[in-house]
Amino acid sequence: MSVAEATEPVSTADGRQIGGVLMDMRHITLRFGGVEAIKDISFDIREGEIRAIIGPNGAGKSSMLNVISGFYNPQEGEVWFRGERRPPMKPYQVARQGIARTFQNIALFDGMSVLDNIMTGRLTHMRTGLFRQAVWRGGAQREEMANREVVEKIIDFLEIQRIRKTPVGRLPYGLKKRVELARALAAEPNLLLLDEPMAGMNVEEKEDMSRFILDVNDEFGTTIALIEHDMGVVMDLSDRVVVMDYGRKIGDGTPDEVRANPEVIDAYLGVAHD
Ligand SMILES: Nc1ncnc2c1ncn2[C@@H]1O[C@H](COP(=O)(O)OP(=O)(O)OP(=O)(O)O)[C@@H](O)[C@H]1O
Ligand SMILES: [Mg+2]
Numbered sequence: 653m654s655v656a657e658a659t660e661p662v663s664t665a666d667g668r669q670i671g672g673v674l675m676d677m678r679h680i681t682l683r684f685g686g687v688e689a690i691k692d693i694s695f696d697i698r699e700g701e702i703r704a705i706i707g708p709n710g711a712g713k714s715s716m717l718n719v720i721s722g723f724y725n726p727q728e729g730e731v732w733f734r735g736e737r738r739p740p741m742k743p744y745q746v747a748r749q750g751i752a753r754t755f756q757n758i759a760l761f762d763g764m765s766v767l768d769n770i771m772t773g774r775l776t777h778m779r780t781g782l783f784r785q786a787v788w789r790g791g792a793q794r795e796e797m798a799n800r801e802v803v804e805k806i807i808d809f810l811e812i813q814r815i816r817k818t819p820v821g822r823l824p825y826g827l828k829k830r831v832e833l834a835r836a837l838a839a840e841p842n843l844l845l846l847d848e849p850m851a852g853m854n855v856e857e858k859e860d861m862s863r864f865i866l867d868v869n870d871e872f873g874t875t876i877a878l879i880e881h882d883m884g885v886v887m888d889l890s891d892r893v894v895v896m897d898y899g900r901k902i903g904d905g906t907p908d909e910v911r912a913n914p915e916v917i918d919a920y921l922g923v924a925h926d
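Numbering-wise, the sequence shown is residues 653 to 926 according to my numbering.
Pasting the structure below:
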C-alpha cells in the first residue's frame, strides 16, 4: 500500500466514507509454545469503520484482539498505530492510547453496582491516585465530577438507567454484556474492540446490541473492530471483514466480497456455528 492509499479516506461498498489507516497489523505471528495461533497475518483497521473478524472456533480471532490490546506481544511482525510503529506495550499503556475492549467471557465485578463497574472504565483517565486525593481534595473532586458526567452520559446512551444501582451479578446475561460495553465506552476510546458482543444472546438482545454498536460508531465516531459468529449481524454491521482459519487469513474485503469467496465458504460459511 502506498502512503497516499493509507492516509486517504475510501468509500465502502454501501457508499459510506471511512478514513485513513488507524491500525496496521503487519505480518503478525503469535505462538503459544508449539501452537501458532496467528500465522503471518496482515490487515488494517481504518478510522471510523466497523471491521469484523470472523472464522471458526480456534481460528485465532481472540488472539488477534489480544495482540491489538497489548495482552500478547507477537513473536514476529509489527503493529503500527496512527502511522507509528508501536513498541511492545502493556495493556494499560495501550488503553492510554485510546483503545478499549470487551472480553469473550464477561469480565465485570459481580458484587459491585452497574454504576461502579462502569466507573472502573474511567481509570485510564484518572490522574489522581489515592495519595493525591488525600492532599488535593479540590482537584480530585473536580475530576470525580467530570468522570461522573461521562459515565452518566453513557448510562443514558445505553438505556441502563433503571439498573444503575443493581449489583452486576444479579443481571441477566444480555444486560451484563451491555454493562461491559458501557465500561469500555467510559474510557472514551477511539478504537473499540469487541470480542463476541452478541454471543449467547437471543434475537431481540442481538438487535439491541447491533443498534448500540451502530450508534456508538455513528454518534461518537468510534472505530470498532468486532469478532462475531452470527453472519447476519456481521453482514449488517461491518464495512469490511477479515476471515481467519487455523491462524491464517483466508479472506479480507467487503461483506459481499467475503461472502462470495470460495475459500471462505469452504472453511466457514458452509458449516453451522454456535
Ligand atoms: N493463552 C493461551 N495459551 C495457549 N494456547 C492458546 C492461548 N490462547 C489461545 N490459544 C490457542 O490459540 C488458538 C487460537 O485461539 P483463539 O482463542 O484466538 O481462537 P478464536 O478464534 O477466538 O476461537 P473462538 O471462536 O472459539 O473464541 C487455539 O488453538 C487456542 O487453543
Ligand atoms: Mg475467541
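For glycine and all other residues, C-beta sits at the position ideal for the given N, C-alpha and C.
Can you tell me which residues form a DSSP beta bridge with residue i?
i	result
ILE903	The identity of residue 903 in the sequence shown is Gly, whereas the question assumes Ile. In the DSSP output, where bridge partners are listed per residue, GLY903 has VAL895.
LEU843	ILE751, THR875
ILE680	ILE693
ALA704	LEU878, VAL893
VAL662	ILE670
VAL731	MET677
VAL687	PHE684
ARG774	ARG774 is not bridged to any residue.
GLU736	PHE733
SER765	PRO819
ARG698	VAL673
When you compare each of the options to residue i by their alpha carbons, which one comes out closest?
i	options	result
LYS829	ASP908, PHE864, VAL746	PHE864
LEU717	GLY735, GLU730, GLY686, PHE755	PHE755
GLY671	ARG698, LEU921, ASP904	ARG698
VAL687	ALA839, VAL802, GLY899, ASP891	GLY899
VAL662	VAL916, MET675, GLY700, ASP676	GLY700
ARG703	ASN769, VAL673, ILE758	VAL673
GLY707	ASN913, THR906, VAL894	VAL894
ALA839	ILE690, HIS777, MET883	HIS777
SER721	ASN842, ASN709, MET771, ASP882	ASN842
ARG822	VAL746, LEU760, ALA912, ASP888	LEU760
VAL719	GLN793, LEU833, PRO740, VAL916	PRO740
ASP808	GLY903, ALA851, ASP676, ALA834	ALA834
ARG901	ASP888, GLU859, VAL916	Checking the displayed sequence, the identity of residue 901 turns out to be Lys instead of Arg. It is VAL916 whose Cα lies nearest to the Cα of LYS901.
PRO849	GLU796, ASP918, ILE758, GLY667	ILE758
HIS881	GLY922, PRO743, GLU801, LEU844	GLY922
ASN799	TYR920, LEU844, LEU837	LEU837
ALA747	GLY763, GLY735, LEU775, ILE705	LEU775
TYR920	LEU767, ASN709, ASN725, GLU857	ASN709
VAL868	LYS805, GLN793, ARG737, GLU795	LYS805
GLN745	ASP676, GLY903, ASN725, ASP762	ASN725
My understanding is that residue i touches residue j, with C-beta atoms under 8 Å, so please give their C-beta distance in whole angstroms.
i	j	result
MET896	GLY712	5 Å
THR659	ASP891	Rounded, the Cβ-Cβ distance is 17 Å, inconsistent with contact.
SER714	ASP847	6 Å
VAL886	PRO907	7 Å
MET853	GLY826	5 Å
THR818	SER862	About 24 Å; that fails the 8 Å criterion.
PHE723	GLN749	The Cβ separation is near 14 Å, so there is no contact.
VAL855	ASN769	The pair is not a contact, with the Cβ atoms about 26 Å apart (cut-off 8 Å).
LEU844	LEU866	Incorrect: roughly 12 Å between the Cβ atoms, too far for contact.
VAL820	MET771	Contact doesn't hold; Cβ gap of about 12 Å is too wide.
ask   = Below 8 Å, can you find three or more Cβ-Cβ pairs linking the region 693 to 709 to the region 746 to 761?
value = no
Counting Cβ pairs closer than 8 Å, one from the region 716 to 730 and one from the region 674 to 690, do we hit at least three?
Contact between the region 716 to 730 and the region 674 to 690 is present, with at least three C-beta pairs closer than 8 Å.
Can we say the region 873 to 880 touches the region 804 to 815, given the rule of at least three CB pairs closer than 8 Å? no
| request: Pick out the complete alpha helix (DSSP H) segments inside the region 793 to 866, 4 residues or longer, and give them in chain order. | output: 825 to 838
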